[in-house]
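Read through the structure below, which is laid out as structure tokens, and then see the notes.
Chains as they are written, first to last, in this note's numbering: chain A, 1 to 112; chain B, 1001 to 1116.
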């Protein structure tokens, strides 16, 4: 069965303390892996799409990487405004476009 | 509009009542998706439209759920005879993508449905 697992479920960091979030997946034919940020009471906000192993993308303090079995979201010197739930989702060949399988998310708290 | 708009933002329904949730996608976006998000969980796929065609409805949990996009723009998700387990946030997303493109989906803020 196709599955997306994110770890840890929750992460508390001090401002400036770099860390990584993990997303492991088991899908038969990855079409794309997506990272979203979700603030309380809001819809997910798109961050990155990764398509092939070895690919990396960066945006401000965030960097996403992809291997054949997992993706990492690296957060460098986080600030309190980076606090949110980070969702990982995969789209696979054989599924319809937009049929994303989401993980449960990692809730990140950054304390000043 | 600038983003995906959903209405109402909050809906309280009595068990057995029918509800209709509306989604206005970003203008020109071909694809539209509905997701259901339970508390503390990631979104779960419900259905997908390309223009007015509903190409995938495999995620709809029962025949009480019905979605339409008659003119290829605004979409409505209808839930008949609501039950307590239908309580969740219903998210709509749209994207430019067509069969050849892989582009990101933009989500609305969701409609929080509470069935009492």
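We put the beta carbon where it would ideally sit given N, CA and C, even for glycine.
In this text, all values refer to a predicted model and were calculated from it rather than measured experimentally.
Contact under 8 angstroms by Cβ, residue 1041(B) with residue 42(A)
no
State yes or no: is the beta carbon of residue 26(A) nearer than 8 angstroms to at least one beta carbon in chain B?
no
Excluding the five sequence neighbours on either side, which residues of its own chain have a C-beta within less than 7 angstroms of the C-beta of residue 1051(B), listed in chain order?
1030 and 1072
Residue 10(A) - partner residues in DSSP beta bridges
107(A)
Helix, strand or coil for residue 82(A)? Go by DSSP, reduced to three states.
helix
Residue 1048(B) - partner residues in DSSP beta bridges:
1033(B) and 1056(B)
Under 9 angstroms (Cβ pairs) to chain B, residues found in the segment 29-42 of chain A:
31, 32, 34, 36, 38, 41 and 42
I need the DSSP call for residue 943(B), collapsed to helix, strand or coil.
Since the first residue of chain B shown is 1001 and the last is 1116, residue 943(B) is not available in this structure.
Can you give me the C-alpha to C-alpha distance between residue 1020(B) and residue 1093(B), rounded to a whole angstrom?
17 angstroms
Residues of the segment 1051-1073 of chain B with a CB closer than 8 angstroms to any CB of chain A: list them in chain order, please.
1055, 1056, 1058 and 1059
Does residue 1042(B) get closer than 8 angstroms to chain A when you measure Cβ to Cβ?
yes
8 angstroms Cβ cutoff met for residue 1111(B) and residue 1089(B)
yes
Measuring CA to CA, which of 78(A), 93(A) and 101(A) is closest to residue 12(A)?
78(A)
Any idea if residue 1091(B) is buried or exposed, counting beta-carbon neighbours within 10 angstroms, 16 or more meaning buried?
buried
Can you tell me whether DSSP reads residue 1104(B) as helix, strand or coil?
coil
Is the distance from the Cβ of residue 9(A) to the Cβ of residue 111(A) below 8 angstroms?
no
Which of helix, strand or coil does DSSP assign to residue 36(A)?
strand
Hey, residue 1116(B) and residue 1011(B) are a contact pair by Cβ (cut 8 angstroms); roughly how many whole angstroms apart?
Not confirmed; about 11 angstroms, so no contact.
I need the DSSP call for residue 1024(B), collapsed to helix, strand or coil.
strand
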